[in-house]
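What follows is one structure encoded as structure tokens, with my remarks underneath.
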Amino acid sequence: MALGATQTYESEGFVVIPNLFDNDEVAFLRDHYMDLRLQEWPGDFAGVDLASSDPLKRYPRMIHMHRWDEVSLKWLLDSRINEALTSLLGEQPYAVQTMLYFKPAGGRGQALHQDQTYLNARPGTCIAAWLALDDCDEENGCMQVVPRTQNLPTLCTVAADTSASFTDVTVPLGPEMVPVAVKMKAGDVLFFNGSVIHGSYPNTSADRFRRSLIGHYITGNAKAVAGYYHPVLNMNGEVVDLGVSTGGGPCGVWATDGIEMVSQEGGQMDLHE
Numbered sequence: 002m003a004l005g006a007t008q009t010y011e012s013e014g015f016v017v018i019p020n021l022f023d024n025d026e027v028a029f030l031r032d033h034y035m036d037l038r039l040q041e042w043p044g045d046f047a048g049v050d051l052a053s054s055d056p057l058k059r060y061p062r063m064i065h066m067h068r069w070d071e072v073s074l075k076w077l078l079d080s081r082i083n084e085a086l087t088s089l090l091g092e093q094p095y096a097v098q099t100m101l102y103f104k105p106a107g108g109r110g111q112a113l114h115q116d117q118t119y120l121n122a123r124p125g126t127c128i129a130a131w132l133a134l135d136d137c138d139e140e141n142g143c144m145q146v147v148p149r150t151q152n153l154p155t156l157c158t159v160a161a162d163t164s165a166s167f168t169d170v171t172v173p174l175g176p177e178m179v180p181v182a183v184k185m186k187a188g189d190v191l192f193f194n195g196s197v198i199h200g201s202y203p204n205t206s207a208d209r210f211r212r213s214l215i216g217h218y219i220t221g222n223a224k225a226v227a228g229y230y231h232p233v234l235n236m237n238g239e240v241v242d243l244g245v246s247t248g249g250g251p252c253g254v255w256a257t258d259g260i261e262m263v264s265q266e267g268g269q270m271d272l273h274e
């Protein structure tokens with residue numbers, strides 16, 4: 002991986018590696034998951050509701066596919082992903098989650114959030130590898146990120162606008178923070194730090210999907226991660242004995258002179274995107 006990519010990741014908190022997967026690989030993955038979506042699968046708690054007016058209920062996300070689907074496990078541990086993550090982090094990561102988002106036309110986006118809120122890796126943080134299975138832009142609901150937020154603490158959440166977001170919480174932005182659209186071609190992979198504030202736009206297109214395959218990882222020095230993300234795997238696919246982190250610690254709120262840490266109650270929530 003080019004040195005410039007590592008420098009961008011360190012300075013901005015995220016980087017896009019273009020063409021990490023070729024057209025044939027992307028087409029195979031896209032068809033594979035569309036076929037899987039027609040079936041019942043382990044842990045599919047959302048369920049498919051073909052009669053629903055909500056596009057996201059007709060094509061609900063998949064979570065933890067690598068636990069039962071060999072294609073997903075192979076992708077999660079792919080040598081190209083491992084090489085990129087190791088370069089960005091300075092050490093091999095641990096793998097903890099796969100997700101597949103279909104986001105058909107009319108699907109809501111997701112409000113701004115931080116992944117570390119949910120994974121709660123200790124010490125260190127988490128990192129995402131977000132593979133575009135379709136070309137994506139603002140119209141069909143591409144990702145949006147807030148640059149240079151990778152060193153923020155976990156922020157306290159507030160209510161989100163559920164008419165635009167399928168999740169009901171978000172994090173407020175500090176002064177002069179502006180989200181930027183991450184336009185990608187199918188096969189590109191977006192890597193971003195777990196503290197980076199990010200979300201996605203609604204899909205306002207007439208007939209385009211915005212499918213994405215996502216792997217979540219934690220730094221190789223982590224000793225614990227939230228229970229939802231166990232079992233933890235090394236990049237050889239072997240189970241690693243890590244502890245279970247719990248929630249309820251302090252979170253940050255914006256103050257006139259920076260960020261003030263306040264206490265919060267309750268455990269970690271399920272990661273959405």
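Sequential numbering of the sequence shown, starting at 2, is according to the working numbering. Don't be surprised by glycine CBs; every beta carbon is placed ideally from N, CA and C.
Cα-Cα separation, residue i to residue j
i      : j      : result
Ala85  : Ser196 : 19 angstroms
Met178 : Val147 : 7 angstroms
Val233 : Leu78  : 12 angstroms
Glu274 : Asp116 : Interpretation of Glu274 is limited by its pLDDT of 40, a score under 50 that renders its predicted location unreliable; the figure taken from the coordinates is listed afterwards. Distance between the alpha carbons of Glu274 and Asp116: 8 angstroms.
Ala6   : Glu139 : 23 angstroms
Thr163 : Val241 : 37 angstroms
Asn121 : Asn141 : 30 angstroms
Asp136 : Leu153 : 30 angstroms
Asn83  : Met236 : 7 angstroms
Gln265 : Val254 : 11 angstroms
Gly259 : His231 : 35 angstroms
Gly238 : Thr257 : 47 angstroms
Glu92  : Thr126 : 13 angstroms
Leu39  : Val49  : 9 angstroms
Val245 : Val97  : 12 angstroms
Cys157 : His114 : 10 angstroms
Trp131 : Val263 : 31 angstroms
Glu11  : Ser88  : 11 angstroms
Tyr229 : Phe22  : 28 angstroms
Pro180 : Ser80  : 31 angstroms
Glu261 : Glu71  : 45 angstroms
Gly250 : Leu243 : 20 angstroms
Phe103 : Ser201 : 13 angstroms
Arg149 : Cys252 : 18 angstroms
Arg1   : Ser206 : Past the boundaries of the shown model lies residue 1; the chain is included only from 2 to 274, so the question cannot be answered.
Trp76  : Met35  : 16 angstroms
Ala227 : Leu37  : 27 angstroms
Rounded distance between the beta-carbons of residue j and residue i, thought under 8 angstroms
i      : j      : result
Ile215 : Thr99  : 7 angstroms
Ile219 : Pro94  : 6 angstroms
Pro173 : Val159 : 6 angstroms
Trp69  : Pro105 : Contact flag wrong, Cβ pair sits at about 24 angstroms.
Arg123 : Ala187 : Contact flag wrong, Cβ pair sits at about 35 angstroms.
Phe210 : Ala129 : Not quite, the Cβ-Cβ distance comes to about 20 angstroms (not below 8 angstroms), so this is no contact.
Pro56  : Asp189 : With a Cβ gap of about 24 angstroms, Pro56 and Asp189 do not count as contacting.
Val16  : Met185 : Rounded, the Cβ-Cβ distance is 12 angstroms, inconsistent with contact.
Leu191 : Met144 : 6 angstroms
Leu74  : His67  : 4 angstroms
Residue i in three-state terms, based on DSSP
i      : result
Val27  : helix
Met178 : coil
Ser264 : coil
Thr171 : strand
Gln151 : coil
Ala160 : strand
Ser213 : strand
Gly142 : coil
Leu51  : coil
Ala207 : coil
Ala6   : helix
Ser196 : coil
Leu191 : strand
Beta-carbon proximity list for residue i, same chain, < 8 angstroms, skipping 5 on both sides
i      : result
Ala165 : Arg109, Gly110, Ala112, Pro203
Leu90  : Ile128, Thr220, Gly221
Asn24  : Ala187, Gly188
Glu13  : Pro148, Arg149, Gln151
7 angstroms CB neighbourhood of residue i in its chain, flanking five on each side removed
i      : result
Gly175 : Trp255
Leu134 : Val27, Leu30, Arg31, Ala187, Arg212, Ser213, Leu214
Ala161 : Ala112, Thr168, Asp169, Val170, Thr171
Thr9   : Val16
Ala223 : Tyr95, Ala122, Arg123, Pro124, Gly125, Leu243
Ser53  : Arg59
Cβ neighbours of residue i in the same chain (closer than 6 angstroms, five flanking residues each side left out)
i      : result
Met270 : Annotation note: pLDDT 39 at Met270 (below 50); position unreliable, no value reported.
Subject >> Completely contained beta strand (DSSP E) runs for the stretch 218–250, where each covers 3 or more residues >> reply: 225–227, 244–246
Original post:
Whole beta strand (DSSP E) runs in the stretch 55–132 with 3 or more residues, listed along the chain?
Top reply: 95–102, 111–114
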